[in-house]
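Take a look at the structure below.
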């Protein structure tokens with residue numbers, strides 16, 4: 100007696116697909132104008148909420164007769180912190196984006212250098228070009244530091 104089995108199992112693990120999509124999405128992140136506004140808003144919200152927690156802890160120590168003053172103080176802290184922390188949050192978000200961009204560029208340069216070096220290990224012409232270039236850079240550095 101002959102029987103056939105048809106297994107409909109996926110050829111790729113679904114968890115691996117999710118991780119690959121997440122990695123692809125993070126590689127394609129663009130830090131620009133709209134993303135900077137979102138990051139600055141997130142930093143501003145974090146700073147304001149931290150100040151609100153501190154103000155709430157201070158107000159909780161007051162007696163019950165000062166609830167209106169406490170409420171007014173909390174709102175004053177909220178609006179003042181939003182006004183005072185908006186520019187620093189924007190600057191720190193821009194600094195963070197520049198740092199991420201520079202880090203990505205440095206990683207790309209390092210990967211390109213690694214590929215060039217691996218190619219030079221297998222091709223004598225590329226190694227000779229690299230040697231001449233590095234020798235020329237060394238000669239220029241030596242000339243620059245002569246007295």
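Numbering (my numbering), first residue to last: 100 to 246. For each residue, glycine too, the CB sits at the ideal point set by N, CA and C.
Candidates 138, 139 and 179: closest to residue 151 by CA position: For the purposes of this step, residue 151 is taken as the residue at position 52 of the chain shown. The shortest C-alpha separation from residue 151 is found at 179.
6 Å CB neighbourhood of residue 153 in its chain, flanking five on each side removed: Counting from 1 along the chain shown, the entry for residue 153 is found at position 54. Nothing meets the Cβ criterion.
Entirely enclosed alpha helix (DSSP H) segments - the segment 128-209, minimum 4 residues: 132-159
Through-space distance from residue 192 to residue 119, alpha-carbon basis: Counting from 1 along the chain shown, the entry for residue 119 is found at position 20. Counting from 1 along the chain shown, the entry for residue 192 is found at position 93. Straight-line Cα distance between these residues: approximately 27 Å.
Sub-8 Å separation of residue 184 and residue 143 beta-carbons: Mapped onto the chain shown, residue 184 falls at position 85. Mapped onto the chain shown, residue 143 falls at position 44. Yes. Within cutoff.
Residue 217, DSSP secondary structure in three states: To locate residue 217, count along the chain shown from 1; it is residue 118. It is helical.
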